[in-house]
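> Could you have a look at this structure, given as structure tokens, before my questions?
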Amino acid sequence: MPMIELTAPAGALTAAGRASVQRDLAALLLKWEGAPDNEFFRSVAWTYLHELPAGAQTTAEDDAPRFRVDVRVPVGALSDRRKAGLVQEATALVLAAAGLGEAEAVRVWVLIHEQPEGTWGAGGQIVKFAELKALAQGAK
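One rule links them: number in the numbering used here = place in the sequence shown (from 1) + 3.
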């Protein structure tokens, strides 16, 4: 049940990037989790786009747009190798959605939040990572 949120200043994404970035990020997260590309897993890979109003994001240096990608996954869903791949590809994806080049990569921060077992609920019940893993393995 991965979730991914992109926070960006309003207007920082291109029209094409804004139209596709959420589904692209969800697909990327499922890829790096090793989840099957099927209707069930796509339906539980939620994405949110938070667009900040003008002036709501800045640094001590300048007002150039910065992007934060917050990823929530169960503990154990991503190895260090998978985390690194996710961070690298999510950064590239967000840069492309904003029409920025690789030289601007420092503007994108990816924060991976691992949910401890027993703290993830859906459908009125606790969802265990082992249950999700069994579903994924059975669907492959």
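Glycine included, each C-beta is placed from N, C-alpha and C at the ideal position.
(1) Tell me, please, whether the segment 88-107 touches the segment 51-65 by the rule of three or more beta-carbon pairs shorter than 8 Å.
(2) The alpha helix (DSSP H) spanning D27 covers which residue range?
(3) Does the separation of the CB atoms of V78 and E120 fall below 8 Å?
(4) For V47, does the three-state DSSP call read helix, strand or coil?
(5) Pick out whichever of A59, A13, V76 has its Cα sitting closest to the Cα of A29.
(6) Quick check on L32 - is its C-beta less than 8 Å from some C-beta in chain C?
(7) For E134, which three-state DSSP category applies?
(8) So L33 packs on P5, CB below 8 Å; how close in whole Å?
(9) Taking the C-alpha atoms as reference points, what is the distance between E36 and R26?
(10) DSSP on G124, reduced to helix/strand/coil?
From the atom records:
(1) No, because fewer than three Cβ pairs between the segment 88-107 and the segment 51-65 fall closer than 8 Å, the two stretches do not touch.
(2) Counting along the chain, the unbroken alpha helix (DSSP H) around D27 starts and ends at 18-36.
(3) Against a cut-off of 8 Å, the Cβ pair of E120 and V78 comes out as a contact.
(4) In the structure shown, V47 adopts coil according to DSSP, grouped into three states.
(5) Nearest of A59, A13, V76 to A29, Cα basis: V76.
(6) The displayed structure is made up of one protein chain only, and chain C is not part of it.
(7) Helix.
(8) So it is a contact: roughly 7 Å between Cβ atoms.
(9) Cα to Cα, E36 sits roughly 15 Å from R26.
(10) Strand, per DSSP.
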